[in-house]
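Just so you know, we're using the working numbering here: the sequence shown kicks off at 35 and counts up by one.
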Amino acid sequence: MTDADDMRSGTRVIHGGQRPEPVTGAILPPIFTAATYVQEAPGQHKGFEYTRSHNPTRYALERKVAALERTSVTEAEDPSGGGFAFASGMAATGTVLELIDRGDRMVAMDDLYGGTRRLFSQVRQRSQGLDVHFADLSVNERFAEVMTADTRLVWVETPTNPMMKIADLAAIAEIARAGNPDVLLVCDNTFATPLHQRPLEHGFDITLHSSTKYLNGHSDVVGGVVVVKNAALAERVRFLQNAIGSVMGPFDAYMTLRGIKTLDVRMERHNRNAERISHFLESHEAVERVLYPGLTDHPGHQLARRQMDGFGGMVTFFIRGDLESTNRFLGALRLFQLAESLGAVESLVNHPAIMTHASVPAATRAELGISDSMVRLSVGIEDGDDLIEDLDRALAALK
35 MTDADDMRSG TRVIHGGQRP EPVTGAILPP IFTAATYVQE APGQHKGFEY TRSHNPTRYA
95 LERKVAALER TSVTEAEDPS GGGFAFASGM AATGTVLELI DRGDRMVAMD DLYGGTRRLF
155 SQVRQRSQGL DVHFADLSVN ERFAEVMTAD TRLVWVETPT NPMMKIADLA AIAEIARAGN
215 PDVLLVCDNT FATPLHQRPL EHGFDITLHS STKYLNGHSD VVGGVVVVKN AALAERVRFL
275 QNAIGSVMGP FDAYMTLRGI KTLDVRMERH NRNAERISHF LESHEAVERV LYPGLTDHPG
335 HQLARRQMDG FGGMVTFFIR GDLESTNRFL GALRLFQLAE SLGAVESLVN HPAIMTHASV
395 PAATRAELGI SDSMVRLSVG IEDGDDLIED LDRALAALK
């Protein structure tokens, strides 16, 4: 395996955590579909017993993402170097929650992906008795108010979905450790990707991705990946991954690994297009407000410049009008496809209040600012001029 320690990110996406297949020398890992593995004698095997527990194709993906997130866990300490792949982002999230006990207190960002908030408030508060406190963690003073000595886990998204809030990861880690040195710090890094932000470098214990999104990048695989900071935590997550069993299948692992190979070049285009589009929308008379960390008037702009290596491909904005106006705009788009999900090569448009965040109570949506006139763009890698023309044409329909 190539040593990734001295690689830049654009090289890590190709070579990090990878080695030629040992039998044939194949440059890509094969898709190992075997459910079980033959043992020479009871307990004597080549490191593989059953594919829920061990799979070479899944290991290759897990090592890759672990290398991108710059974990300190080595392959000698853990077979996949501290990376763990799951059947979906929600499967990854649900497994991480098993690191804390029934009735434990946790603090979560108030603005979260709707499915994450639904799992916390409508499932685990009931089934696990979790005491979940939602707060605006983009405001350090607010976090300091809710962080207590009995808080066992802190869950952060940054940038957030869909309000694009930026949380100061280093400050959160410092405040949290002062309150409870043993607290687990988790960051959903889906929007930023490891190319633009690495939470482990800012004091976090766990970074999580819906690999369905940017890591795979082609709208053809559902998955989730968790990376941990040290071997002790890797041992705990490996036990849970095997015990719960919501693992990623080998074909999905292969497809995601293939997608990551182009992550660097894709993110460069995602960024460039999103920055151009955010400026275009900001100056359009039919747009009330634009939320994008790359804009200088974004409240988290300076923090994003320090903490991130790019501002990403997600843009949220508000139409001047009501739900009827917003629907007219959405219906007039041609290149931006109205669909769930994000982070793929094709541009997608989403209406959070009705789509991704419909499970969030209406009062909570109103409090967060998720209104009927809000639109979320996942800016793809098409020609930027074509995307701007598509938006301009659809906004003209509002007249």
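Here a beta-carbon is modelled for each residue, glycine too, at the ideal position from N, C-alpha and C.
Quick one: what does DSSP say residue i is sitting in, helix, strand or coil?
i	result
PHE285	helix
ASP222	strand
GLN371	strand
GLY117	strand
SER43	helix
ASP184	coil
ALA75	strand
ARG92	helix
HIS385	coil
THR379	Reading off the sequence, residue 379 comes out as Val, not Thr. Correct three-state label for VAL379: coil.
ASP424	helix
THR169	The amino acid at residue 169 is misidentified as Thr; the sequence shows Ala. Of the three classes helix, strand and coil, the one that applies to ALA169 here is strand, per DSSP.
GLU175	helix
GLU9	As displayed, the chain neither begins before 35 nor continues past 433, which places residue 9 out of reach and without an answer.
LEU364	helix
ALA69	coil
GLU302	helix
ARG410	strand
GLU55	coil
GLU111	coil
Would you report the Cα separation of residue i and residue j, rounded to the nearest angstrom?
i	j	result
GLU423	ILE311	10 Å
ALA428	ASP222	32 Å
GLY251	VAL299	11 Å
ALA207	PRO284	35 Å
ASP165	SER393	19 Å
ILE240	LEU432	44 Å
ARG354	ALA101	44 Å
ALA183	ILE209	11 Å
ASP419	ASP216	50 Å
PRO327	ILE200	8 Å
ASP417	GLU309	13 Å
GLN341	GLU74	50 Å
ARG292	GLU179	44 Å
ARG368	THR390	21 Å
Evaluate residue i with the Cβ neighbour count: other Cβ atoms within 10 Å of its Cβ, from every protein chain shown; 16 or more gives buried, anything less gives exposed.
i	result
ALA266	exposed
ALA338	buried
GLY81	exposed
ARG104	buried
SER106	exposed
Quick one: measure Cβ to Cβ for residue i and residue j, integer angstroms, because I've assumed they're closer than 8 Å.
i	j	result
VAL259	LEU249	7 Å
LEU229	SER412	Actually they are not in contact, since the Cβ atoms of LEU229 and SER412 sit about 16 Å apart, beyond 8 Å.
TRP189	MET140	6 Å
TYR84	THR70	5 Å
Continuous alpha helix (DSSP H) assignments of at least 4 residues falling wholly in the region 194-279: Complete alpha helix (DSSP H) runs here, min 4: 203-213, 227-230, 265-278.
Completely contained beta strand (DSSP E) runs for the region 315-353, where each covers 3 or more residues: Correct list: 321-325, 348-353.
Length at least 3, wholly inside the region 137-162: the beta strand (DSSP E) runs in chain order: 139-143
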